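Visitor: If you scroll down you'll find the structure; I have some questions about it.
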Amino acid sequence: MKSLVVFGGDIDGRVAPYRDPAFLAALTGLGIELTIVDLGGVGDPDAGRRCEVENVAWTRLDPAGWADPAGRADPAGRADPAGRLGEIRRAVGADVVLTIGPAPALAPAWSVRDVPILHVVVAGGPVMSGVGLLDPCRRVRPSLSSIRGHVARRASRRVAAVLGSNRADIAGHLDLGFFPSARFSAITGIPVGARAELPPPAERGSAPALSLGYFNPEHTPASWNFVKAALRDASDRGCEVIVAPDPGVDTGLRRRSDRIRILAEADASRLVTGIDVLLVPFADDVFAQPIGMAAASGRLIVAPDFGICAELLDYGRRGMLFRNGDQLDLRRKLSDAMTMAAGQSPFRFDAAAEIIAAYGPEACAQRFLAAHEQALALHRAPPPAIRSAVPA
Amino acid sequence: MTESALRVAYVVAAESDPRSAWLTTRSILRQDPPPAGLVVAADVLREHAFAGLSEPARSPVLVEFVSCRVLGIGPRYMAGLRSIADKADVVVLCREGTLFRPDHLAELAALFGRRQELVGLMQQAGSVRRMTSDAGADQNILDESLSGAAPDAAPRAWLAAARRSVAGALRSRSLTASMLAVRLTSFRGLSLSEFGTGRSDFLSFASCLDRLRPRGRVMAGASAKLVELRYGDDQRQARRAGREAFLSLSRFRGEASSLVVSAPAEIGRLLAEAVAAIVSDPARRAWALDFMRGMRDGLREAGLRRK
């Protein structure tokens with residue numbers, strides 16, 4: 001089976017796990033021949049070169065003029081991504097088109113014809129802010145974001161199946177009117193790359209010195225205000241707080257305590273290595289990787305009870321969940337988690353094995369293969385018979 | 001998970017009428033394919049009344065009986081859920097007196113298998129089967145109710161369809177039998193609140209769907225695969241039913257910000273149904289008047305509580 005994989009949007013955040021070489025290798029190992037295209041909007045132009053996998057062809061369609069990777073301009077002289085994608089699909093003979101990324105970035109790819117299109121939804125994005133071009137009930141006014149959302153919604157009618165890392169994100173898109181013609185949806189998970197290779201937390205002596213890691217690569221003042229009080233509580237209890245990356249908004253916390261350490265870079269593996277408890281502020285696909293790594297190495301995790309976080313932590317069985325957006329509940333649950341970590345009572349010992357089994361590259365690749373096969377079978381099946389209005 | 005691998009089980013909350021409970025369980029046992037399990041949950045005080053339900057039927061499914069020491073419909077559902085949690089992926093909750101057409105399970109399994117983001121589905125009965133004193137044997141009632149024949153004979157098919165759709169739109173949902181199907185993996189850590197009105201769990205299920213909504217997609221609507229049994233002699237309870245319906249709707253509005261049901265609209269629908277009964281059906285006039293009097297009692301009681 002040949003699949004044309006189209007990436008769009010921000011590859012460094014939500015799309016990056018799907019570009020993991022181990023995941024792509026697992027897909028090719030299952031017999032899917034991959035041709036990967038990076039659409040305009042992809043942040044890092046060298047990402048394709050860095051993620052080279054055997055038997056996987058990479059192409060980058062430059063947003064400026066849609067030139068091909070060798071720098072040649074489109075021979076037909078068009079700035080038409082859909083036409084170029086169609087040509088690429090015919091050239092490689094792809095049976096299925098798989099698009100991964102935020103909906104507005106991928107709308108051009110959904111005009112490809114004659115093959116089933118599968119789309120992997122990712123969390124958030126500007127498209128989630130508006131329902132229609134003008135929606136007085138929800139006080140939505142026309143804006144660039146809502147217009148892009150509207151265009152993407154119309155284009156999404158061609159998508160045959162919706163895949164995603166969790167149910168909440170798929171439901172959010174469907175509730176907003178995306179993918180009205182999708183014939184099925186599937187939870188494929190997100191390859192978190194959890195391999196239990198990090199060392200377990202250190203044995204504590206009589207005077208416990210716990211460390212709390214706060215990870216948020218997409219830092220905003222609002223998110224910092226949300227977690228500030230909880231981090232201050234932890235610091236006041238004598239815990240070392242490691243923040244990744246530097247918030248740079250509020251230095252009061254740093255002045256109050258010398259137990260705050262700030263990493264220069266949002267590197268999940270570096271952060272998780274030295275902590276006992278990981279705090280994740282919001283439910284987003286960017287947190288899947290650190291949660292997987294922390295669970296695989298036996299760290300306690302405090303995360304919101306929503307979206308990918310709730311499903312990775314199995315609704316509270318593999319970690320501590322606080323009510324999404326509830327600051328008070330976050331402080332309470334973080335305090336409970338620190339007490340639990342001080343007593344060296346991990347939340348669940350087999351969480352590592354469970355997460356690796358469910359969200360490892362091979363497991364996710366199996367689910368992608370099943371979705372490909374189902375989409376192809378539905379595409380090739382004869383259309384349902386139309387009942388005649390005239391009685392025989 | 002594909003639809004063929006999905007295991008669907010049923011939990012029936014038994015209340016006071018063994019005959020209704022028997023009809024409900026037998027309609028479930030007629031499902032093709034058979035369910036993964038069937039649990040009848042009853043209060044420990046009424047356990048003796050339902051002892052005959054677990055007698056063997058011509059079905060590979062064993063009817064399990066669970067008695068609950070905590071009174072209330074919510075604990076009964078939760079006891080049933082706990083007893084069947086390891087046997088099923090999707091569990092259907094309903095009260096006694098709800099009948100399922102034989103292809104209900106197959107349709108439900110296909111929907112949950114095709115839509116993996118779906119975590120909760122509430123359905124109201126699309127038609128009502130009135131039980132009168134001359135209704136005949138239980139087996140005949142079951143056959144007639146599940147045959148799918150139009151409940152009212154109209155001179156033209158389009159007229160019957162229009163009448164059914166108008167009646168369906170006006171029928172108050174909080175008094176119509178409902179069922180809730182939940183995906184068990186997404187239901188972890190939740191429980192059912194009680195907003196019951198004696199005959200239906202619509203408000204409780206709507207509240208549950210509100211809490212399930214952050215975990216995935218929820219759907220609600222009427223289904224032709226469900227039939228509600230109503231006894232003809234329930235008008236003795238009309239005044240009490242009206243009062244309970246109003247009070248539970250008031251409480252629901254106060255405690256939940258529902259996305260599925262709007263309490264004022266539902267109160268309007270209750271009144272419309274009663275007015276329609278007064279105008280169209282002389283036999284039900286006494287029932288409808290008593291029901292409206294009961295709603296007035298509820299309104300007064302709610303006003304007194306506020307003071």
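Those protein sequence lines, which keep their order, are chains A and B.
No gaps in the numbering here: position 382 of the first sequence is 382 in the working numbering, and each next residue is one more.
No gaps in the numbering here: position 291 of the second sequence is 291 in the working numbering, and each next residue is one more.
The beta carbon of each residue, even a glycine, is placed where N, CA and C say it ideally should be.
Since the model is a prediction, treat every value here as computed from it, not as a measurement.
In chain B, what lies closer than 7 Å to A:S185 by C-beta?
Guide: Below the 7 Å Cβ cutoff, chain B contributes R115, Q116 and E117 as neighbours of A:S185, in chain order.
Visitor: If you pair each beta-carbon of the stretch 4-17 of chain B with each one of the stretch 89-101 of chain B, do three or more pairs fall below 8 Å?
Guide: yes
Visitor: Between which two residues does the alpha helix (DSSP H) carrying A:L231 extend?
Guide: P221 to D236
Visitor: Mind checking which residues open and close the alpha helix (DSSP H) that includes A:Q366?
Guide: The continuous alpha helix (DSSP H) containing A:Q366 extends over residues P361 to R380.
Visitor: Leaving aside the five residues before and after B:M78 along the sequence, list all residues of the same chain whose C-beta is less than 7 Å from its C-beta, in chain order.
Guide: S191 and L192
Visitor: At the 7 Å Cβ level, is A:I170 part of the contact set with chain B, yes or no?
Guide: yes
Visitor: Straight-line CA distance for A:L212 to A:I262?
Guide: 12 Å
Visitor: Ordered along the chain, which non-local residues of its own chain (more than five positions away) have a Cβ less than 8 Å from that of B:L299?
Guide: F246
Visitor: Among all the DSSP beta bridges, which residues are the ones paired with A:S211?
Guide: Per DSSP, A:E240.
Visitor: Taking C-alpha atoms, which residue in B:A160, B:A169 and B:L180 lies nearest to B:Y10?
Guide: B:L180
Visitor: So, A:G83 versus A:L39, is the Cβ gap smaller than 7 Å?
Guide: No. Outside cutoff.
Visitor: Along chain A, in chain order, which residues have C-beta atoms closer than 7 Å to that of B:G189?
Guide: Chain-order list of chain A residues neighbouring B:G189: Y315 and G316, by C-beta distance under 7 Å.
Visitor: Determine whether the Cβ of B:P264 lies closer than 7 Å to any Cβ atom of chain A.
Guide: Output row for B:P264: interface = no.
Visitor: Could you say if the stretch 104-123 of chain B and the stretch 62-77 of chain B meet the contact criterion of at least three C-beta pairs nearer than 8 Å?
Guide: no
Visitor: Entirely within the stretch 280-363 of chain A and at least 4 residues each: give me those alpha helix (DSSP H) ranges in chain order.
Guide: 288-296, 307-312, 327-342 and 351-359
Visitor: Give a yes or no on whether 7 Å exceeds the smallest Cβ distance from B:R7 to chain A.
Guide: no
Visitor: Name the one or two DSSP bridge partners that B:V261 has.
Guide: Answer by DSSP bridge pairing: none, since B:V261 is not bridged.
Visitor: Can you find a heavy atom of the ligand MG that lies under 6 Å from the Cβ of B:P264?
Guide: Absence of the ligand MG is noted for the structure shown, with no ligands found whatsoever.
Visitor: Of all the residues that make up the stretch 209-240 of chain B, which are near chain A by a beta-carbon distance shorter than 9 Å?
Guide: R213, P214, R215, G216, R217 and V218
Visitor: What does B:G120 pair with, by DSSP beta-bridge criteria?
Guide: B:V182 and B:V218
Visitor: Provide the residue span of the beta strand (DSSP E) that contains A:W58, from first to last.
Guide: A57 to R60
Visitor: In chain B, which residues lie with their C-beta within 7 Å of the C-beta of A:R157?
Guide: By Cβ distance, chain B contributes nothing, its closest Cβ being about 18 Å from A:R157, past 7 Å.
Visitor: Just list the residues that DSSP pairs B:M131 with in beta bridges.
Guide: B:Y231
Visitor: Among all the DSSP beta bridges, which residues are the ones paired with A:F7?
Guide: A:D38 and A:I100
Visitor: Using DSSP with H/G/I as helix, E/B as strand and the rest coil, what is A:F179?
Guide: coil
Visitor: Measure the C-alpha to C-alpha separation of A:E373 and A:R113 and round it to an integer number of angstroms.
Guide: 18 Å
Visitor: Which residues share a DSSP beta bridge with B:A9?
Guide: B:G37 and B:V91
Visitor: Using the Cα positions of A:V241 and A:A358, report the straight-line distance between them to the nearest angstrom.
Guide: 30 Å
Visitor: Straight-line CA distance for A:P102 to A:F282?
Guide: 18 Å
Visitor: First and last residue of the alpha helix (DSSP H) that includes B:T98?
Guide: B:T98 -> not in any alpha helix (DSSP H); beta strand (DSSP E) instead, spanning T98 to F100.
Visitor: Any beta carbon of chain B sitting closer than 7 Å to that of A:A67?
Guide: Note that A:A67 has pLDDT 47, beneath the 50 cutoff, so the model's placement of it is unreliable and the number below is only indicative. Not an interface residue.
Visitor: Quick check on B:L81: does DSSP put it in helix, strand or coil?
Guide: helix
Visitor: Per the contact definition of three or more C-beta pairs closer than 8 Å, is the stretch 296-309 of chain A in contact with the stretch 331-338 of chain A?
Guide: yes
Visitor: Does the CB of A:F306 have a neighbour CB from chain B at under 7 Å?
Guide: yes
Visitor: Residues in its own chain within less than 7 Å of A:A394 by CB, not counting five upstream and five downstream?
Guide: The structure shown does not extend to residue 394 of chain A, since chain A is modelled only from 1 to 392, so the question has no answer here.
Visitor: Any idea what DSSP makes of B:E244, helix, strand or coil?
Guide: helix
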